[in-house]
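Q: The structure that follows is given in the form of structure tokens.
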Amino acid sequence: MEHEQTIPETRKEGETAPESDTSVPRRRVGRTALLIAGAAALGVLAGTITGYAVQYHREPTPLPPLAQQKMAEPAPAAMNDATSRRSINANRWHKADDDLAKKLVDVPGGVQDSFSGPVSPDTFSASYFLEPSEGVGSVVRHAKRLATARWAEDDRNFIEINLIQFRDRLGAEDFYTDIVKYMPNKDFAGNTGKDLPGAPADFGHMWIDSKAHEEPGYHPIRQGRALIRRGDIVASIEYTNNRGEIDEKTLAELAKRQMERL
């Protein structure tokens, strides 16, 4: 049986033998893979360009029609004697911007010294602050509208409700928070009070004075107070009795009625 003869390679002195004969085939495979990858990339690019070209020459697909073809909005009208801030800003008007006095609870019938309506910063400050001259400046800067309802029952119970609409929610929040902080002082309620029933946390609170205020020759005075915050409006409800007695349920019910109006 004949055997294939292997002819040894001839090398010059100093030359080393190659590590492996497989080096040449590996170089050939690398070049082939590179060519295939380049062809694939060119194919993707050509396909993308072709797709854009085809789409460019097509007619645009129309959008589906709107569910509401015509938006309801007031027709423009010339100004006249009936023009108001609301008619001018109809599309930006919020229900909280209605007449603030309309949000007051109704004054019950058969009461004395009743009043219900908008009030000026001076009038509000005179009845609300211990130092009206200092309070009026703050009211003018931060309050947008003021409204008051007050009445007397049997010369014993005196109710006053103040609604303050601030220029923004932050003003209402600050006003509410400040009252909650100082009411526990002995010069005011003298206690931390409690959450107003039915109101979310931090949006309603009520206090009843820990003790009646007494002076010689006068009836003992005791007060209950409820505070409600809704958006940019704060409602302050003061229920004063000149016999030193406050019915907590009556105060809570009055506050609930006012809260529903807001």
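In terms of UniProt numbering, the sequence shown opens at residue 1 and continues consecutively.
All residues carry an ideal CB built from backbone N, CA and C; glycine is no exception.
These figures come from a predicted structure and were not determined experimentally.
For T148, is the classification buried or exposed, using 16 other Cβ atoms within 10 angstroms of its Cβ as the cut-off for buried?
A: Residue burial annotation: T148 is buried, with at least 16 other C-beta atoms found within 10 angstroms of its C-beta.
Q: Following the continuous beta strand (DSSP E) through F175, name the residue where it begins and the one where it ends.
A: Counting along the chain, no beta strand (DSSP E) covers F175; the unbroken alpha helix (DSSP H) around it starts and ends at 169-182.
Q: Indicate whether at least one CB of chain B lies closer than 8 Å to the CB of A101.
A: Although the question refers to chain B, the structure presented lacks it and comprises just one protein chain.
Q: Can you grab the Cα-Cα spacing for the pair D168 / A78, in whole Å?
A: Their Cα atoms are separated by approximately 31 Å.
Q: Using the three-state DSSP reduction, which class does H205 fall into: helix, strand or coil?
A: strand
Q: Please name the residue in L100, V234, R225, G244 whose C-alpha comes closest to that of L254.
A: When the alpha-carbon of L254 is set against those of L100, V234, R225, G244, the nearest one is in R225.
Q: Is it true that the CB of D122 sits closer than 8 Å to the CB of F166?
A: no
Q: Just to confirm, are N241 and R156 a CB contact at a threshold of 8 Å?
A: yes
Q: Anyone know if the C-beta pair for A143 and I159 falls short of 8 Å?
A: no
Q: Closest to D202 by CA distance: which of K103, E59, I221, A172 is it?
A: A172
Q: What residue does the beta strand (DSSP E) around residue 289 start on, and which one ends it?
A: In the structure as shown, the chain starts at 1 and stops at 262, and residue 289 therefore has no counterpart that could be examined.
Q: Let me confirm a value: L104 is counted as buried when at least 16 other C-beta atoms fall within 10 Å, else exposed. Which label applies?
A: Burial call: buried.
Q: Please classify S210: does DSSP put it in a helix, a strand, or coil?
A: coil
Q: Hey, out of M259, E215, L227, I221, whose CA is closest to Y182's CA?
A: L227
Q: Exposed or buried, Q258, counting other C-beta atoms within 10 Å across all chains shown (16 or more means buried)?
A: buried
Q: Would you report the Cα separation of K256 and P216, rounded to the nearest angstrom?
A: 36 Å
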